[in-house]
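For reference, the structure is listed below as C-alpha cells.
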Amino acid sequence: MLIPGLGVGTYASTAPDFKEVLRRQIVDIGYRHIDTASHYENEQAIGEVLRDVFSNTGIKREDLFVTTKVWCSDKNDIPGALRKSLKALGLDYVDLYLIHWPVAFEGDWQKPQFQKIPMHRQWAGMEECVRQNLTRNIGLANVNFQLLNDVLTYAEIRPAVNQIELYPYLTQEAFVQWMKSEGVLPIGYSPLGRPYHKQADGNVVLEDPLILEIAKKHQATPAQVILAWALARGYPVIPKSGNFDRSKENFGALKVNLTEEEVTKISQLNRNFRTVDWRQIPGMIGGVPMYE
Ligand code: A2P
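Numbering-wise (the numbering used here), the sequence shown opens with residue 4 and increments by one.
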C-alpha cells in the first residue's frame, strides 16, 4: 500500500464552505489523501467535490487516496455499510476502509445499546469488502496492542494500518515501533494535539517552548514542526483543517527537515496525554462513567 504521508482529516467538517475549501486543498495545495468516515456525515459533500475535481481538472481517481470508516452501529453488514459510503462518495472503491472503533452498538453513540459482535466477525466483514473489490486495503482504528495482536493471529488479510492518536504529548513509542515491526502502519490522527481542546493542564503542544524554539530555527511554524516530527518518525498524519490558509501551512511541513536530535527531543515531550479516550465516547463524559 502506498499512502501519501500528509492527508487532510475531515472530522466535524460540515461548515458551509467545506466543499470549496476541500476542492482548493486538492487542486491548489496538492493534498492527495482524504480521510473521512460515515460517522462524519460529509461523504456526500466529499463525493460532490471529487466528481467536480475529476471532471474539471487533470486529477484522476487513481491520483487520490481516500479512506473511510465503518461506524459502530453498522457491524452486522460491513460490506453493506461500505456500499452506502461508496454511493455517497460517488466512488467504485476506497483505498482504505477502517473499523472506526472496535465496539459495536445500536442506536445513538450517546445512548448506545452495546452488541456482542466479536472482532473476528467484524474482521471477516472487512475481508469480505476486499474480496468484493470495494476497498483496496483494510485496517483498524483506536485499537490497542492486545486487540491488534489478537487480530494478527487469525487475519487472512492483515490490517494495513491502525489509526490512533499520536502527537508529541502522546508518542506511544513502543506501540508505534511494534506496529511497524509487524508491518501495520500507524496513522496519526489529531497530530496537532487538538488545539481546540485547551486542556486545563497546559496541553497545548502548538505553544510548547521547545516547539517554538525549533520552529524559529527552521523559519517554520509550530504546526509545521509538529507534523514534520511525525513524518520523520515514519507514519502518515491527517491534520484536519477546514481553513485554507492553515491547511496550506500544514502542507509546508513536507519542506521541514528536522535533525535526528530535534526529533528525539520532541519525542521526549511525551506525557501520555490522551485527548481522545474511548471512555469519553458512549454514555461516558470526561472519562467518568455515567450510570442511570
Ligand atoms: P481549523 O479546521 O479551524 O483549521 P484534528 O485534531 O481533528 O486533526 O483537528 C485539528 C484542529 O486543529 C482543527 O480544529 C483545526 O482547526 C486546527 N488546526 C489545523 N491546522 C492548524 C494549524 N496549522 N494551526 C493551528 N490550528 C490548526
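Even glycine gets a Cβ: it sits at the ideal position worked out from N, Cα and C.
Check	Outcome
8 angstroms contact criterion, which residue 235 and residue 209 should meet: CB distance rounded	Actually they are not in contact, since the Cβ atoms of residue 235 and residue 209 sit about 18 angstroms apart, beyond 8 angstroms.
Inter-residue Cα distance where the pair is residue 149 and residue 60	45 angstroms
Spatial neighbours of residue 146 in its chain, beta-carbon cut-off 7 angstroms, leaving aside the 5 residues before and after	105, 165
Any non-hydrogen atom of the ligand A2P closer than 7 angstroms to residue 253 Cβ	yes
Simplified DSSP state of residue 253, which is helix, strand or coil	helix
Beta carbon of residue 75 nearer than 8 angstroms to that of residue 100	no
Cβ neighbour criterion (16 or more within 10 Å) applied to residue 77	buried
Spatial distance of residue 185 from residue 123 (CA atoms)	19 angstroms
Spatial neighbours of residue 62 in its chain, beta-carbon cut-off 6 angstroms, leaving aside the 5 residues before and after	56
Cα-Cα separation between residue 144 and residue 134, rounded to whole angstroms	21 angstroms
Backbone CA spacing between residue 22 and residue 69 [nearest angstrom]	16 angstroms
Assumed close pair residue 227, residue 259 - CB separation to whole angstroms, cut-off 8 angstroms	5 angstroms
DSSP-derived helix/strand/coil call for residue 139	strand
Ordered list of beta strand (DSSP E) runs contained in the region 168-223, each at least 3 residues	188-192
Touching by the beta-carbon criterion (3+ pairs, under 8 angstroms), the region 35-44 and the region 9-19	yes
Own chain partners of residue 7 with C-beta closer than 6 angstroms, once the 5 adjacent residues on each side are dropped	35, 36, 68
Residue 194 versus 239, 107, 66, residue with shortest Cα-Cα distance	239
Residue 81, buried or exposed, once every other Cβ within 10 Å from all chains shown has been counted against 16	buried
Counterpart residues of residue 144 in DSSP-defined beta bridges	166
Outcome for residue 252 when other beta-carbon atoms lying within 10 angstroms are tallied against a minimum of 16	buried
Residue 83 classed as buried or exposed, judged by whether at least 16 other C-beta atoms fall within 10 angstroms	exposed
Where residue 36 falls: helix, strand or coil (DSSP)	strand
Option in 153, 159, 254, 179 with minimal Cα separation from residue 129	159
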